[in-house]
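Undergrad:
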Amino acid sequence: QVHLEESGGGLVQTGGSLRLSCATPGRTISDFTMGWFRQAPGREREFVASIVWSGYSTYYGDSVLGRFTISRDNAKNTVNLQMNSLKPEDTAVYYCHAENILSRREFWGQGTQVTVSS
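Pasting the structure below:
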């Protein structure tokens, strides 16, 4: 079992920045692909970004490419999502996601709210 704890959400104005963090207390993440998804009211959960176990490859959803940056620190068992140039359409609950590279088992955090005001 992997417990994911998100933090860093909040309210920000259009054009502002936020940094989300996901921690896995007591559990290494070096054997997981880590990522972020988001879900806005009335919409399906959407892929935001992911990063492979080594950190050498990252992937982004089209809507955040060039504005968001995902990073990880395996020594600290944390994954971060730096969000810049935020738009009202980025408003959603953001979920941390972990997928074991061998078993493909998936884990989700409880989510953190991000609200971008216009």
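Remember, the numbering used here sits 23 above the position in the sequence shown when you count from 1.
Glycine is no exception: its CB is placed at the ideal position from the N, C-alpha and C atoms.
Model, not experiment: these values are computed from the prediction.
Roughly how many angstroms lie between the CA atoms of residue 92 and residue 43, to the nearest whole one?
TA: Counted from its first residue, the sequence shown places residue 92 at position 69. Counted from its first residue, the sequence shown places residue 43 at position 20. In a straight line, the C-alpha of residue 92 is about 10 Å away from that of residue 43.
Undergrad: Report the option in 67, 134, 50, 34 whose CA atom is closest to the CA atom of residue 192.
TA: The chain is shown only over 24 to 141; residue 192 falls outside these bounds and no answer can be derived.
Undergrad: Just reading off the beta strand (DSSP E) that residue 41 is part of, what are its end residues?
TA: In the sequence shown, the residue the question calls residue 41 occupies position 18. 41–46 is the span of the beta strand (DSSP E), which, as asked, contains residue 41.
Undergrad: Whose C-beta lies closer than 8 Å to the C-beta of residue 132 among residues of the same chain, with five residues either side of it excluded?
TA: As a first step, residue 132 is located in the sequence shown; it is residue number 109 there, counting from the start. Cβ within range, chain order: 27, 28, 29, 45, 118, 119, 120.
Undergrad: From residue 126 to residue 25, what distance separates their C-alpha atoms?
TA: To locate residue 126, count along the sequence shown from 1; it is residue 103. To locate residue 25, count along the sequence shown from 1; it is residue 2. Going from the Cα of residue 126 to the Cα of residue 25 covers about 13 Å.
Undergrad: Would residue 60 and residue 70 be called neighbours here (beta carbons separated by less than 7 Å)?
TA: Reading the sequence shown from its first residue, position 37 is the one you call residue 60. Reading the sequence shown from its first residue, position 47 is the one you call residue 70. For residue 60 and residue 70, yes; Cβs fall inside 7 Å.
Undergrad: Indicate the three-state DSSP secondary structure (helix, strand or coil) for residue 96 in the structure shown.
TA: The residue labelled residue 96 in the question sits at position 73 within the sequence shown. Residue state, collapsed to three classes: strand.
Undergrad: May I ask which residues mark the beginning and end of the beta strand (DSSP E) holding residue 81?
TA: Taking the first residue of the sequence shown as position 1, residue 81 is located at position 58. Membership of residue 81 in the beta strand (DSSP E) is indicated by the continuous run 81–83.
Undergrad: Give the DSSP bridge partners of residue 35, in chain order.
TA: By 1-based counting over the sequence shown, the position of residue 35 is 12. According to DSSP, residue 35 shares a beta bridge with 139.
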